[in-house]
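Convert by adding 56 to the 1-based position in the sequence shown; the result is the number in the UniProt record's numbering. Reading through the structure tokens given below for one structure.
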Amino acid sequence: LNPNLQSRGALVVLEGLDRSGKSSQCSQLLSHLQSIGCSAELWRFPDRNTAVGQMISAYLSNQSNLDDHTIHLLFSANRWEKRSMIEEKLKSGTTLIIDRYSYSGVAFSSAKGLDFDWCKAPEIGLLAPDMVLYLDISPEKAAERGGYGDERYERLDFQGKVREKYQALHDASWKMVDACLPMEEVQKKLREYVLECVAACKNGKALSHLWS
Ligand code: NYM
Ligand code: MG
57 LNPNLQSRGA
67 LVVLEGLDRS
77 GKSSQCSQLL
87 SHLQSIGCSA
97 ELWRFPDRNT
107 AVGQMISAYL
117 SNQSNLDDHT
127 IHLLFSANRW
137 EKRSMIEEKL
147 KSGTTLIIDR
157 YSYSGVAFSS
167 AKGLDFDWCK
177 APEIGLLAPD
187 MVLYLDISPE
197 KAAERGGYGD
207 ERYERLDFQG
217 KVREKYQALH
227 DASWKMVDAC
237 LPMEEVQKKL
247 REYVLECVAA
257 CKNGKALSHL
267 WS
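This is the structure in structure tokens:
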């Protein structure tokens with residue numbers, strides 16, 4: 057172990073279409089990490105608890121209307137308001153599992169027709185995840201899972217566009233997991249990836265920033 061390297065927690069992001077199973081997988085991951093004595097927390101974006109988050113929540117539940125650019129920037133602001141807390145957590149040795157991050161921001165807004173690079177711009181400088189786990193599912197299969205809710209974006213045709221945008225965003229650092237495998241198998245794969253990532257960060261892997 058190089059003594060100049062800082063041991064820290066890992067920043068792990070789960071992404072995927074609505075009803076891809078992210079939230080259940082995230083909570084199982086958290087329980088697993090905690091059960092093996094790893095300090096970990098589960099966060100999600102949007103974080104609906106802040107003032108900005110409440111505006112986002114009202115928009116998603118159709119209680120308010122906002123210009124597409126405006127809501128995009130609010131989603132981004134919601135990450136920026138948590139940026140320093142994320143950094144503190146990681147530096148204190150806590151691993152963060154985050155349900156959605158900047159990739160959701162870009163995929164959902166650009167699927168509406170906003171310029172892809174314009175959508176990426178406000179995310180520049182946020183902490184880059186150490187690992188992105190993408191739960192891959194077709195919108196048709198996702199819709200079979202008890203159907204979508206009533207929130208904005210939860211429509212089959214739109215989810216298809218979001219998936220295309222995710223495909224444009226993903227790079228070699230993403231781990232693609234077939235979300236149609238049995239839940240336990242998805243969880244098994246996710247655990248393997250996360251443990252690998254936690255070990256790398258413990259051994260001094262440096263933090264980086266978007267978009268890297
Ligand atoms: N969403 C989420 C965005 O449009 N932009 C973002 O930056 C983020 C983080 O919010 N359909 C969308 C994706 C989801 C919706 O998220 C609510 P969830 O995880 O379903 O509560
Ligand atoms: Mg949802």
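The beta-carbon is built from N, C-alpha and C at its ideal position, and this holds for glycine as well.
What number of angstroms, rounded off, separates the C-alpha of A96 from the C-alpha of A184? Taking the first residue of the sequence shown as position 1, residue 96 is located at position 40. Taking the first residue of the sequence shown as position 1, residue 184 is located at position 128. Whole-angstrom Cα-Cα distance: 18 Å.
Any idea if G72 is buried or exposed, counting beta-carbon neighbours within 10 angstroms, 16 or more meaning buried? Locating residue 72 in the sequence shown gives position 16, counting from the first residue. Result: buried.
Write down every uninterrupted run of the beta strand (DSSP E) in the region 84-121 whose length is 3 residues or greater and which is fully enclosed by it, in chain order. Segments of the beta strand (DSSP E) lying fully in the region 84-121: 96-100.
Here's a check: name, in chain order, each residue in its chain whose Cβ is nearer than 8 Å to the Cβ of R135, leaving out the five neighbours to either side. In the sequence shown, the residue the question calls residue 135 occupies position 79. Within the same chain, R135 has close Cβ partners F101, Y157, S158, G161, E179 and L182.
With 16 as the cutoff for other CB atoms within 10 Å, does Q215 come out buried or exposed? Walking along the sequence shown from the start, residue 215 turns up at place 159. With 16 or more other Cβ atoms inside 10 Å of its own Cβ, Q215 counts as buried.
Kindly list the residues whose CB is nearer than 6 Å to the CB of Y115, restricted to its own chain and excluding five residues on each side of it in sequence; keep chain order. On the sequence shown, residue 115 is found 59 positions in, with the first residue counted as 1. Within its own chain, the residues whose Cβ lies closer than 6 Å to the Cβ of Y115, once the five positions on either side in sequence are excluded, are L122 and I127, listed in chain order.
Rounded C-alpha distance that separates L86 from R104: As a first step, residue 86 must be located in the sequence shown, where it is residue number 30. As a first step, residue 104 must be located in the sequence shown, where it is residue number 48. The straight-line gap from Cα to Cα measures roughly 20 Å.
In whole angstroms, give me the CA-to-CA distance for E210 and Y190. Residue numbering aside, residue 210 sits at position 154 when the sequence shown is read from its first letter. Residue numbering aside, residue 190 sits at position 134 when the sequence shown is read from its first letter. Taking the CA atoms as reference points, E210 sits about 18 Å from Y190.
With respect to 7 Å, is the separation between the Cβ of E207 and the closest non-hydrogen atom of the ligand COA below this value? The model depicted lacks the ligand COA and carries the ligand NYM and the ligand MG instead.
So within the region 170-222, which uninterrupted alpha helix (DSSP H) runs reach at least 4 residues, ignoring any that extend past its ends? Here the runs fully enclosed are 172-176 and 195-200.
In chain order, what residues of the same chain lie with their CB nearer than 7 Å to the CB of H88, ignoring the 5 residues before and after it? On the sequence shown, residue 88 is found 32 positions in, with the first residue counted as 1. Counting only Cβ-Cβ distances below 7 Å, and skipping sequence neighbours, we find R247.
Here's the rule: buried if 16 or more other CB atoms are within 10 angstroms of the residue's CB, otherwise exposed. What is K138? If you number the sequence shown from 1, residue 138 lands on position 82. Residue environment analysis places K138 among the buried positions, since at least 16 neighbouring C-beta atoms fall within 10 angstroms of its C-beta.
Whose C-alpha, out of T151, E207 and L67, is nearest the C-alpha of D74? Position 18 of the sequence shown, counting from 1, holds the residue named residue 74. Here the closest residue by C-alpha is E207.
Range covered by the alpha helix (DSSP H) that runs through K138: The residue you call residue 138 lines up with position 82 of the sequence shown. No alpha helix (DSSP H) contains K138, which DSSP labels as neither H nor E.
Between the CA atoms of L225 and K258 - distance to the nearest angstrom: Reading the sequence shown from its first residue, position 202 is the one you call residue 258. Reading the sequence shown from its first residue, position 169 is the one you call residue 225. Cα-Cα distance, rounded: 27 Å.
Determine the DSSP secondary structure at D124, reduced to helix, strand or coil. By one-based count along the sequence shown, residue 124 stands at place 68. D124: helix per DSSP, three-state reduction.
Indicate the three-state DSSP secondary structure (helix, strand or coil) for L263 in the structure shown. Residue numbering aside, residue 263 sits at position 207 when the sequence shown is read from its first letter. Correct three-state label for L263: coil.
Tell me where the beta strand (DSSP E) around G72 begins and ends. Position 16 of the sequence shown, counted from the start, is the residue given in the question as residue 72. Run containing G72: L67 to G72, per the beta strand (DSSP E) assignment.
Span separating the alpha-carbon of M111 from that of N60: On the sequence shown, position 55 is the one that residue 111 refers to. On the sequence shown, position 4 is the one that residue 60 refers to. Approximately 43 Å between the Cα atoms of the pair.
Taking only three categories from DSSP, how would you classify L251? Position 195 of the sequence shown, counted from the first residue, corresponds to residue 251. Helix at L251.
With DSSP as the reference, identify every bridge partner of V233, one or two as the case may be. What you label residue 233 is simply residue 177 of the sequence shown in a count that begins at 1. In the DSSP output, where bridge partners are listed per residue, V233 has L191.
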